[in-house]
Amino acid sequence: MGWLNRVRHLGVALSAVGTCAAAWAADPAELARGKELFTKVQPACAVCHTLQAAGAEGQVGPVLDELKPDAGRVLRALKAGIGVMPSYAERMSEKDMQAVAQFVAHATGAAK
Numbered sequence: 145m146g147w148l149n150r151v152r153h154l155g156v157a158l159s160a161v162g163t164c165a166a167a168w169a170a171d172p173a174e175l176a177r178g179k180e181l182f183t184k185v186q187p188a189c190a191v192c193h194t195l196q197a198a199g200a201e202g203q204v205g206p207v208l209d210e211l212k213p214d215a216g217r218v219l220r221a222l223k224a225g226i227g228v229m230p231s232y233a234e235r236m237s238e239k240d241m242q243a244v245a246q247f248v249a250h251a252t253g254a255a256k
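Quick note, this note's numbering runs 144 ahead of the 1-based positions in the sequence shown.
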């Protein structure tokens, strides 16, 4: 297979992955669960972060509406912590962290 065909196949594969991720991110039940976790997990994300869609007006962490992190960036921060933000790896399941990450990305417009 020539390099041009490989590039085309890669483009189709990446497009399919993006479509699946966008479909999951738009699932209203998962977005609602992510929003609930954003405001209720301990310590709550809303305590530190400002995010209009969650009614959060935190003053410590970055304003997520301005930062517009994608889901991958949010997930990495939840898993490992960053700066003064603790890791949530021991407090939340992988599925819960993904729900929060998708909610934040969707709410800020990063999940397009």
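We put the beta carbon where it would ideally sit given N, CA and C, even for glycine.
Keep in mind it's a predicted model, so treat the numbers as computed, not measured.
Residue j beta carbon less than 7 Å from that of residue i
i      : j      : result
Glu201 : Ala243 : no
Leu278 : Met236 : Nothing about residue 278 can be read from this structure; the chain reaches only from 145 to 256.
Val204 : Cys192 : yes
Ala198 : Lys179 : yes
Whole-Å CB distance - residue i paired with residue j, under 8 Å assumed
i      : j      : result
His251 : Asp214 : It should be pointed out that residue 251 corresponds to Ala in this sequence rather than to His. Not a contact, Cβ separation roughly 12 Å.
Val302 : Leu195 : Residue numbering for the chain in the displayed model covers 145 to 256; residue 302 lies beyond these limits and cannot be assessed.
Phe182 : Ala190 : 6 Å
Leu94  : Ala245 : Residue numbering for the chain in the displayed model covers 145 to 256; residue 94 lies beyond these limits and cannot be assessed.
Of the listed residues the options, nearest to residue i (C-alpha basis)
i      : options                   : result
Pro230 : Glu210, Gln186 and Lys239 : Gln186
Considering only residues of the segment 221 to 246, which uninterrupted beta strand (DSSP E) runs meet the minimum length of 3 residues and lie entirely inside it, listed in chain order?
Given a length threshold of 3 residues, the segment 221 to 246 has no whole run of the beta strand (DSSP E) inside it.
Can you list, in chain order, the stretches of the beta strand (DSSP E) that have 3 or more residues and sit fully within the segment 164 to 199?
Along the length of the segment 164 to 199, whole beta strand (DSSP E) runs at least 3 residues long do not occur.
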